[in-house]
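Protein chains in written order, with my numbering: chain H, 25 to 164; chain L, 25 to 164. Worksheet for the structure shown next.
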DNA sequence: AACTACTTTATAATTATTCTAAAGTATGTG
DNA sequence: CACATACTTTAGAATAATTATAAAGTAGTT
Ligand SMILES: [Mn+2]
Ligand SMILES: [Mn+2]
Ligand SMILES: [Zn+2]
Ligand SMILES: [Zn+2]
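Right, here's the structure in full:
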C-alpha cells in the first residue's frame, strides 16, 4: 500500500499506534471518523451503512467492527449507551457530558456542569469518572 | 384464577392498573419484582433465568418480555442502559442516580447529588431529567 | 522475489429481542 | 353456573446487533 501519502499521515498514525496496519480499509475508516471538526456519535451499523453507500467495493462488516474496537481499545474512541440495545461510539474522548434528545446526542463540555454535592465512593472503591446525561423534550 | 387472594392484592393491583389481567404468571413476576425491600436492577433474561430456575413449569420468554414492557409503560419500572447491548430495568422509579461498578448497579438517592452549574436546554427544548452515572474502580 | 504474520471477507453462530398464530384462560353476562 | 369473547400464553420463527471461523489476500521484512 504505497498509495497513502503524507496527506493521510495522521490517520495512519492513529492506526499504527492502535496496533493496526494501515490498510486501505482502515485508513478510509479512520479518515471518515476523525477527519471532521465536530464530534461524531455513531453506531457501527450506521458507520458501515454510510461509508458503504458511496462505495462500489464494500468494506466488510467484520472489518468495521474490528477497526472500531481496536480504535476504542487504543483510546481513540469512547463507547456509550443509549436506551436501545446498540453500542454507540464517540470521537470525543475527553471526559464530557451529553444531551439526549430523541435519539440525537449532543456534547456538553465538562466545565459546563459542576457539582455542589457528590457522594463518596463505597469503601474499597474510588471514582473513575462522572457522566451526566440531560434528557431533553420539546417545549410546551 | 380464584387462587390469588388478599395476600397478593398489591401485586395484582399493579397489574390491573397496568392494563393487565392478573394471570398466574404475571402475579408471580410482579411478586418477584416488587416483593423486596431493596431496589432491583435486572435484564429480562436475568429475570427469566432466575425465576424459571426454581420452576417445574417454566414461564415463556414472551410473557417475561410482555409483562416487563407493560409494567414499564405503566410506570412501575424504569429502563436504563449499561455499556453492553441489553436493556436494564429498575424497580426504583423515582428520579435517582447510579454507581456503576463492574456491571454492578447501585442506587444513589437524588438528593445526594446537587449541581452548582447546569447548561440550559437548546432553544425549543426543555430538560426532562438529569441522570448521573458515577463509574467506580478498585482503590489502588 | 519470497516469507510470514497480519488482515479481509463471506458466512455461520450467538444473543437479545420481537413477531406469529394456535391453544388456553379470565371475566362479564345470562 | 354455562358461555361467549377478548385477552393471554406459548413454542417457534424472525430480526437485529454482534462475534466467531477459516480461507484467501496483503503489508512489512529480508
Ligand atoms: Mn456488545
Ligand atoms: Mn439486540
Ligand atoms: Zn460525546
Ligand atoms: Zn436504580
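Backbone N, C-alpha and C define an ideal beta-carbon position, used for all residues, glycine too. Please read these numbers as outputs of a predicted model, since none were measured by experiment.
For residue 83 of chain L, the three-state secondary structure derived from DSSP is coil. Taking the CA atoms as reference points, residue 53 of chain L sits about 46 Å from residue 53 of chain H. Between ligand 3 and the CB of residue 131 of chain H, the shortest heavy atom gap is smaller than 6 Å. The C-beta distance from residue 121 of chain H to residue 156 of chain H rounds to 4 Å, short enough to meet the 8 Å contact threshold. For residue 95 of chain L, no Cβ of chain H is located within less than 7 Å of the residue's own Cβ. For the stretch 144 to 163 of chain H, the set of positions with a beta-carbon nearer than 9 Å to some beta-carbon of chain L reads 145, 146, 147, 148, 149, 150, 151, 152, 153, 154, 155, 156, 157, 158, 159, 160, 161, 162, 163 in chain order.
Distance from the C-beta of residue 67 of chain L to the nearest heavy atom of ligand 4 is not below 6 Å. The DSSP-derived three-state label of residue 45 of chain H is coil. Interface with chain H (7 Å Cβ-Cβ cutoff): residue 63 of chain L is excluded. At a cut-off of 7 Å between beta carbons, residue 87 of chain H makes no contact with chain L.
Within the DSSP secondary-structure output, residue 162 of chain H pairs in a beta bridge with L:149. Note that the stretch 128 to 147 of chain H touches the stretch 129 to 139 of chain L; at least 3 beta-carbon pairs, one per stretch, sit closer than 8 Å. Taken in chain order, the whole beta strand (DSSP E) runs of length 3 or more contained in the stretch 113 to 144 of chain H are 121 to 125, 128 to 132, 138 to 141. Residue 105 of chain L belongs to the set of residues whose beta carbon lies under 7 Å from a beta carbon in chain H.
Measuring C-alpha to C-alpha distances from residue 125 of chain L to each of H:94, H:145, H:55, H:50 identifies H:145 as the nearest.
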